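For the sequence shown, the residue numbers in this note's numbering are 13 to 80.
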Amino acid sequence: MEITTRHDASNWFVNSQFVDWEWHDSFDEDRLIDFVHHHGNKYDDEQRMVADFLIAEGEVPEEYGLPG
(Lines of atoms letter the chains of each structure in order from A and count residues from 1; the text may use other names and numbers.)
(Lines give C-alpha, C1' and ligand atoms only; values in the text may rest on other atoms or scores of the structure.)
Protein backbone atom coordinates (compact mmCIF):
# COMPACT_ATOMS: atom_id res chain seq x y z
CA MET A 1 0.00 0.00 0.00
CA GLU A 2 1.23 3.47 -0.73
CA ILE A 3 0.74 5.51 2.42
CA THR A 4 3.21 8.31 2.99
CA THR A 5 1.30 10.81 5.12
CA ARG A 6 -1.11 10.73 8.04
CA HIS A 7 -3.70 12.16 5.65
CA ASP A 8 -3.18 9.14 3.35
CA ALA A 9 -3.71 6.86 6.34
CA SER A 10 -6.87 8.68 7.34
CA ASN A 11 -8.21 8.49 3.78
CA TRP A 12 -7.42 4.78 3.70
CA PHE A 13 -9.44 4.24 6.88
CA VAL A 14 -12.55 6.19 5.83
CA ASN A 15 -12.60 4.36 2.50
CA SER A 16 -11.81 0.91 3.92
CA GLN A 17 -14.05 -1.98 4.86
CA PHE A 18 -13.02 -1.35 8.46
CA VAL A 19 -14.64 2.07 8.94
CA ASP A 20 -17.99 0.59 10.07
CA TRP A 21 -16.48 -2.37 11.88
CA GLU A 22 -17.37 -3.36 15.43
CA TRP A 23 -14.06 -2.58 17.10
CA HIS A 24 -13.01 -3.45 20.65
CA ASP A 25 -14.24 -1.15 23.43
CA SER A 26 -10.98 0.75 23.81
CA PHE A 27 -10.53 1.26 20.05
CA ASP A 28 -9.08 4.65 19.18
CA GLU A 29 -9.31 5.61 15.51
CA ASP A 30 -6.29 7.89 15.87
CA ARG A 31 -4.12 4.98 17.07
CA LEU A 32 -5.13 2.94 14.01
CA ILE A 33 -4.44 5.86 11.69
CA ASP A 34 -1.03 6.39 13.33
CA PHE A 35 -0.26 2.67 12.94
CA VAL A 36 -1.25 2.76 9.27
CA HIS A 37 0.75 5.94 8.71
CA HIS A 38 3.91 4.44 10.22
CA HIS A 39 3.59 0.85 8.96
CA GLY A 40 1.15 0.85 6.02
CA ASN A 41 3.86 0.86 3.36
CA LYS A 42 5.10 -2.50 4.65
CA TYR A 43 1.83 -4.24 3.78
CA ASP A 44 0.24 -5.49 0.59
CA ASP A 45 -2.66 -6.99 2.53
CA GLU A 46 -4.82 -4.59 4.54
CA GLN A 47 -6.34 -7.45 6.56
CA ARG A 48 -2.86 -8.48 7.70
CA MET A 49 -2.10 -4.86 8.58
CA VAL A 50 -5.26 -4.52 10.68
CA ALA A 51 -4.55 -7.90 12.29
CA ASP A 52 -1.09 -6.66 13.29
CA PHE A 53 -2.65 -3.47 14.66
CA LEU A 54 -5.03 -5.57 16.75
CA ILE A 55 -2.12 -7.67 18.05
CA ALA A 56 -0.30 -4.45 18.99
CA GLU A 57 -3.45 -3.40 20.86
CA GLY A 58 -3.48 -6.68 22.80
CA GLU A 59 -6.42 -8.07 20.84
CA VAL A 60 -6.83 -11.44 19.12
CA PRO A 61 -7.32 -10.94 15.36
CA GLU A 62 -9.10 -14.28 14.96
CA GLU A 63 -11.93 -12.94 17.13
CA TYR A 64 -12.52 -10.38 14.38
CA GLY A 65 -12.33 -12.88 11.53
CA LEU A 66 -8.77 -11.91 10.59
CA PRO A 67 -5.65 -14.05 10.34
CA GLY A 68 -3.65 -14.31 13.55
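C-beta atoms are modelled at their ideal positions from N, C-alpha and C, and glycine is treated no differently. Remember, it's a predicted structure, so these values are computed and weren't measured experimentally.
Fill in: Host alpha helix (DSSP H) of V48 (start-end)
Run containing V48: 41-51, per the alpha helix (DSSP H) assignment.
Worksheet item: Anyone know if the C-beta pair for L78 and A68 falls short of 7 angstroms?
Response: No; because the gap between Cβ atoms is not below 7 angstroms, this pair is not in contact.
Item to complete: Consult DSSP for E75 and reduce its assignment to one of helix, strand or coil.
Response: Here DSSP, grouped into helix, strand and coil, assigns E75 to helix.
Worksheet entry | Helix, strand or coil at W35 according to DSSP, with G and I counted as helix | Note: W35 maps to coil in three-state DSSP.
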